[in-house]
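Protein chains in written order, with this note's numbering: chain B, 9 to 111; chain D, 38 to 501.
By construction, the Cβ of each residue, glycine as well, lies at the ideal position given by its N, Cα and C atoms.
Working notes for the structure below.
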């Protein structure tokens with residue numbers, strides 16, 4: 009009989025719960041954040057159109073209003089950019105953010 | 038994903054759009070950013086290959102509802118904010134026969150699919166005789182799971198891999214390299230299939246019989262050393278195939294090189310990077326491929342050195358990842374090229390007057406591709422549509438020559454230092470190999486040895 013130990017490590021990060029969801033999208037301001045990958049120039053305009061068609065009074069802030077930098081596979085730059093985007097969403101009065109595209 | 042996590046932290050609900058199959062990755066990335074249960078809206082398929090009409094159809098039929106739900110529908114049984122979990126590395130998590138242990142570890146997703154050596158207390162403590170510090174000392178905190186690597190759990194993984202106890206200093210140094218921000222471990226899960234490798238230099242190579250000659254990655258202790266690092270990436274760093282280690286076709290095992298310092302006409306890789314020859318080091322590099330290995334052959338019109346250099350230039354112009362090679366500055370994506378030269382190749386170059394740096398300089402000046410061809414590869418083989426080659430040149434990320442005419446032959450490499458040369462392999466064979474990788478810089482760490490190292494390894498069979 010062999011008694012064995014786990015190979016994983018202890019977590020060091022505290023996790024926060026996500027923000028409460030919106031009860032509706034009518035009349036809300038929704039921001040777009042595009043990382044430059046995977047056809048965002050196709051997906052975001054389509055999503056924008058559908059939001060406006062289906063939710064009266066919705067306002068969409070396009071991804072061109074948010075910071076973007078080339079490359080940025082530097083982890084410090086990635087974290088900083090992510091915070092800048094979130095702050096910009098707050099500055100622009102966004103009630104929600106759609107972020108893409110990943111894979 | 039990270040912008041969404043940061044938005045959540047300041048109270049802005051978000052949703053992340055991801056290709057089908059990447060929802061788990063999205064949640065893991067969110068968790069690594071400190072947010073539980075990031076909402077992911079999956080696109081059904083692969084955005085990269087679908088045309089505009091198909092994308093619009095899939096958005097209307099599937100993705101849009103997922104987006105709306107992500108922003109409006111509460112999660113079922115919402116998880117409260119978490120705190121640092123209690124972790125007792127010495128806890129016994131299972132008891133059983135070796136076969137039962139293997140089954141249990143496999144079900145926990147703690148293996149690489151191959152049988153493991155059971156990490157019992159006795160085996161782990163034997164490994165810890167070869168470290169200088171407390172078993173609980175924090176050696177690194179590894180992303181994306183942001184978990185602690187301490188000598189204890191490093192040893193557990195090294196035992197599992199089939200390492201010997203005296204390999205522990207190497208695995209410790211490799212773990213420190215994994216945790217160094219320079220190595221950029223966080224981005225290693227790319228679908229391009231990034232594969233880390235180890236390079237070992239210094240006296241420890243011969244002391245421990247690490248292979249540096251013919252068929253080196255497949256012989257001696259080399260396979261288990263790489264395997265240990267792969268298990269640490271999985272179990273401590275948290276990379277798991279099918280979840281967030283997303284190479285489309287999977288991965289071979291992490292492989293291990295050692296330099297043939299005796300036969301090389303040049304300074305060792307570690308000396309080149311500022312270490313004394315008598316210091317043993319581990320370097321972590323990365324590649325997207327292993328092989329092929331062309332065979333440069335001199336002729337009556339070209340000597341060996343010239344052929345080697347020209348073959349290397351042609352090899353570099355065929356690389357899949359070349360669209361990152363020319364970038365410089367803080368907004369460029371990382372790229373590295375590792376050149377493996379057998380000793381006979383290195384000597385041919387050195388005999389013609391080439392130092393390592395001169396080889397790198399030659400490749401920088403002469404590895405070229407037409408701008409038209411470079412733009413074609415960038416446009417049709419990478420997902421990054423928002424920044425064209427010319428955009429990058431205008432922004433100073435690419436050199437000004439990338440604003441030239443389509444037939445201009447532009448230099449592919451950002452500079453000589455993107456190239457890393459290692460002399461290894463069968464010294465009597467005229468073969469070379471070029472390995473391109475991204476998202477990481479080679480990261481070198483000295484191997485720390487216990488004070489009684491010579492005593493501890495006196496019975497280890499050294500390389501003759």
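Can you tell which of the options has the C-alpha that lies nearest to the C-alpha of residue i?
i: residue 21 of chain B; options: D:57, D:67, D:194 and D:244; result: D:67
i: residue 64 of chain D; options: D:82, D:45 and D:441; result: D:45
i: residue 306 of chain D; options: D:300, D:320 and D:293; result: D:320
i: residue 496 of chain D; options: D:342, D:78 and D:244; result: D:244
i: residue 486 of chain D; options: D:143, D:207 and D:277; result: D:207
i: residue 420 of chain D; options: D:360, D:407 and D:447; result: D:360
i: residue 472 of chain D; options: D:92, D:294, D:47 and D:124; result: D:294
i: residue 46 of chain B; options: D:150, D:80, D:74 and D:317; result: D:80
i: residue 66 of chain B; options: B:25, B:29, B:35 and B:100; result: B:35
i: residue 316 of chain D; options: D:277, D:248 and D:210; result: D:210
i: residue 19 of chain B; options: D:107, D:61, D:175 and D:92; result: D:175
i: residue 167 of chain D; options: D:185, D:189 and D:346; result: D:189
i: residue 127 of chain D; options: D:162, D:298 and D:382; result: D:162
i: residue 250 of chain D; options: D:40, D:459, D:85 and D:39; result: D:459
i: residue 74 of chain D; options: D:60, D:324, D:97 and D:87; result: D:60
i: residue 93 of chain B; options: B:64, B:39 and B:9; result: B:39
Could you tell me the alpha carbon to alpha carbon distance between residue i and residue j, rounded to whole angstroms?
i: residue 49 of chain D; j: residue 452 of chain D; result: 43 Å
i: residue 233 of chain D; j: residue 483 of chain D; result: 18 Å
i: residue 328 of chain D; j: residue 246 of chain D; result: 24 Å
i: residue 181 of chain D; j: residue 445 of chain D; result: 42 Å
i: residue 97 of chain B; j: residue 159 of chain D; result: 55 Å
i: residue 336 of chain D; j: residue 388 of chain D; result: 17 Å
i: residue 187 of chain D; j: residue 178 of chain D; result: 9 Å
i: residue 172 of chain D; j: residue 213 of chain D; result: 15 Å
i: residue 169 of chain D; j: residue 33 of chain B; result: 59 Å
i: residue 201 of chain D; j: residue 164 of chain D; result: 8 Å
i: residue 431 of chain D; j: residue 416 of chain D; result: 17 Å
i: residue 301 of chain D; j: residue 356 of chain D; result: 26 Å
i: residue 545 of chain D; j: residue 225 of chain D; result: A query on residue 545 of chain D cannot be resolved here, the shown segment of chain D reaching from 38 to 501 and no further.
i: residue 368 of chain D; j: residue 222 of chain D; result: 18 Å
i: residue 400 of chain D; j: residue 450 of chain D; result: 8 Å
i: residue 71 of chain B; j: residue 239 of chain D; result: 51 Å
i: residue 326 of chain D; j: residue 95 of chain B; result: 40 Å
i: residue 143 of chain D; j: residue 82 of chain B; result: 34 Å
i: residue 443 of chain D; j: residue 403 of chain D; result: 18 Å
i: residue 299 of chain D; j: residue 56 of chain D; result: 50 Å
i: residue 390 of chain D; j: residue 427 of chain D; result: 38 Å
i: residue 219 of chain D; j: residue 478 of chain D; result: 6 Å
i: residue 465 of chain D; j: residue 379 of chain D; result: 7 Å
i: residue 185 of chain D; j: residue 418 of chain D; result: 37 Å
Run through chain B and tell me which residues come within less than 9 Å of residue i, C-beta to C-beta.
i: residue 250 of chain D; result: The premise fails here: residue 250 of chain D is roughly 32 Å from chain B at the closest Cβ pair, so nothing lies under 9 Å.
i: residue 326 of chain D; result: Near residue 326 of chain D there are no residues of chain B at all, since even the closest Cβ is about 19 Å away, more than 9 Å.
So with CB distances below 8 Å, who are the chain B contacts of residue i?
i: residue 56 of chain D; result: 46, 109, 110 and 111
Going by beta-carbon coordinates alone, are residue i and residue j separated by less than 8 Å?
i: residue 204 of chain D; j: residue 481 of chain D; result: no
i: residue 470 of chain D; j: residue 377 of chain D; result: yes
i: residue 215 of chain D; j: residue 269 of chain D; result: yes
i: residue 54 of chain D; j: residue 43 of chain B; result: no
i: residue 254 of chain D; j: residue 292 of chain D; result: yes
i: residue 94 of chain D; j: residue 49 of chain B; result: no
i: residue 147 of chain D; j: residue 272 of chain D; result: yes
i: residue 27 of chain B; j: residue 43 of chain D; result: no
i: residue 103 of chain B; j: residue 58 of chain B; result: no
i: residue 322 of chain D; j: residue 474 of chain D; result: yes
i: residue 61 of chain B; j: residue 100 of chain B; result: no
i: residue 372 of chain D; j: residue 455 of chain D; result: yes
i: residue 231 of chain D; j: residue 263 of chain D; result: no
i: residue 382 of chain D; j: residue 333 of chain D; result: yes
Given that residue i touches chain D, what residues does it touch there, using C-beta distances under 8 Å?
i: residue 37 of chain B; result: Per Cβ cutoff of 8 Å: no residues; residue 37 of chain B is ~10 Å from chain D at best.
i: residue 91 of chain B; result: 43
i: residue 73 of chain B; result: None at all; the shortest Cβ gap to chain D is about 13 Å.
i: residue 11 of chain B; result: 129, 131, 132, 157 and 158
What does residue i reach in chain B if we use C-beta pairs closer than 7 Å?
i: residue 108 of chain D; result: 29, 30, 33 and 104
i: residue 268 of chain D; result: 15
i: residue 38 of chain D; result: 107 and 110
i: residue 68 of chain D; result: 23
i: residue 468 of chain D; result: The contacting residues do not exist; residue 468 of chain D stays about 32 Å from chain B at best.
i: residue 367 of chain D; result: 82 and 85
Just to make sure I have the definition right: I need the residues of chain D whose C-beta is within less than 7 Å of the C-beta of residue i. Which are they?
i: residue 98 of chain B; result: 47 and 49
i: residue 60 of chain B; result: Residues of chain D passing the Cβ test: none, with the nearest at roughly 12 Å.
Residues from the stretch 147-168 of chain D in contact with chain C, defined by Cβ distance under 8 Å | Any reference to chain C falls outside this structure, whose protein chains are B and D.
Between the stretch 388-400 of chain D and the stretch 12-28 of chain B, do at least 3 Cβ pairs fall closer than 8 Å? no
Count Cβ pairs between the stretch 54-67 of chain B and the stretch 92-106 of chain D that sit closer than 8 Å; are there 3 or more?
yes
Contact the stretch 191-198 of chain D vs the stretch 147-155 of chain D: 3+ CB pairs below 8 Å:
yes
Exercise. Taking contact to mean at least 3 C-beta pairs separated by less than 8 Å, is the stretch 355-371 of chain D in contact with the stretch 428-441 of chain D?
Worked result: yes
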